Structures are given as C-alpha cells and as structure tokens.
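Trainee: Residue numbers (the numbering used here): 579 to 746. Glycine is no exception: its CB is placed at the ideal position from the N, C-alpha and C atoms. Because the structure is a prediction, the values reported are computed rather than measured. Dropping a structure here in structure tokens format, bear with me for questions.
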C-alpha cells in the first residue's frame with residue numbers, strides 16, 4: 579500500500595496537467611476568434627471608408643459642370659485609384675463571409691456603375707444621377723447590415739444619426 583499515495587499524487591498531476599492543457603486550448607481558441615473578429619472589423623471598416631472616398635470623388639466630379647471632358651474622365655478614374663477601393667475589395671474577398679462578400683461585390687458594382695456615366699458628363703441634377711445614387715445607397719445599407727450581422731452586432735439603432743443610412 580506504499581504505492582497508493584504515489585498513485586494518487588500521479589493521478590493528481592495528470593489531472594492537473596490535462597486541465598491546464600484543456601484550459602490553455604480553450605483560451606487560445608477564444609483569443610484566436612477574437613483576433614479574427616478584430617481583423618474582420620478592421621477590413622470591413624477599411625472597405626466602407628474606401629467606398630465612401632470613391633463615392634465622394636465621383637460626387638465632386640458630378641457637382642462640377644465646369645470640368646472639361648478629358649478632365650472629367652481623369653477625375654472619375656482617379657477617384658477609384660485614390661480611394662483604394664479596389665485593393666480593399668480584394669481584402670474583402672479573402673476576409674469576409676460569403677454573405678458579406680456577395681453584398682460587398684454588389685455595392686462595389688453599384689458604385690462602379692456610377693463611374694462611367696459621371697465620367698461621360700452626367701451631372702448631379704440629372705434624374706439618372708439620382709437613380710444611380712439611390713441604387714448605391716440601397717446596396718450600401720444592405721452591405722452594412724450584412725457586416726453587422728456577420729460581426730454579431732445586434733444593435734437595431736446602429737447607423738442612426740447619419741442621413742440616408744436608415745430610412746425613416
């Protein structure tokens with residue numbers, strides 16, 4: 579029976595080591611998930627900022643009737659380059675969930691559909707411009723909702739306070 583205390587001690591050590599390993603593994607998984615969520619949130623935010631920058635560049639072009647045709651085309655093209663929306667789009671394709679990718683692509687295409695008409699002379703007071711803007715804004719709202727859902731942000735008030743984001 580002299581071996582019984584040693585066996586009990588050995589069992590305790592084994593249980594302690596196993597418990598520590600399981601706890602460490604669970605902590606690692608939780609921290610890994612948290613890092614992934616932070617990374618997704620950062621990617622989503624960068625993409626939204628890039629889309630806004632591109633949209634603002636196109637808006638500046640559409641609100642400037644004095645631009646020569648060649649300058650207008652160059653300005654509309656440069657708006658995309660300066661915004662880095664294409665680069666952020668590539669990041670979304672590898673970072674985002676399938677639903678967010680689908681919405682991000684539709685939003686990107688809605689904005690891209692604005693570029694050529696604006697480059698060709700479409701101005702902000704034309705009904706087609708307002709239709710294109712409304713289409714983009716609707717896609718953008720769906721994209722934001724998809725991103726919030728993917729990030730498990732359940733706040734129904736998210737986005738309130740910014741005109742055009744949540745319709746009344």
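Would residue 661 be called buried (16 or more neighbouring beta carbons within 10 Å of its own) or exposed?
Mentor: For the purposes of this step, residue 661 is taken as the residue at position 83 of the chain shown. So residue 661 ends up on the buried side.
Trainee: Are the beta-carbon atoms belonging to residue 663 and residue 689 less than 9 angstroms from one another?
Mentor: Taking the chain shown and counting its residues from 1, one reaches residue 663 at position 85. Taking the chain shown and counting its residues from 1, one reaches residue 689 at position 111. Yes, Cβ-Cβ distance for residue 663 and residue 689 is below 9 angstroms.
Trainee: Rounded to a whole number of angstroms, what is the C-alpha to C-alpha distance between residue 649 and residue 636?
Mentor: For the purposes of this step, residue 649 is taken as residue 71 along the chain shown, with counting starting at 1. For the purposes of this step, residue 636 is taken as residue 58 along the chain shown, with counting starting at 1. The straight-line gap from Cα to Cα measures roughly 13 angstroms.
Trainee: With three or more C-beta pairs closer than 8 angstroms as the rule, is the stretch 693 to 712 touching the stretch 666 to 682?
Mentor: no
Trainee: Does the beta-carbon distance from residue 654 to residue 693 come in below 9 angstroms?
Mentor: Position 76 of the chain shown, counted from the first residue, corresponds to residue 654. Position 115 of the chain shown, counted from the first residue, corresponds to residue 693. Their beta carbons are under 9 angstroms apart, which means residue 654 touches residue 693 by this criterion.
Trainee: Within the same chain, show all residues whose beta-carbon is closer than 6 angstroms to that of residue 681, passing over the 5 residues directly before and after it, in chain order.
Mentor: If you number the chain shown from 1, residue 681 lands on position 103. Cβ neighbours of residue 681 beyond the five flanking positions: 720, 721, 724.
Trainee: Residue range of the alpha helix (DSSP H) that residue 696 falls in?
Mentor: Here residue 696 corresponds to residue number 118 of the chain shown, with the count starting at 1. Note, residue 696: alpha helix (DSSP H), 676 to 697.
Trainee: Touch check for the stretch 668 to 677 and the stretch 619 to 629: three-plus C-beta pairs under 8 angstroms?
Mentor: yes
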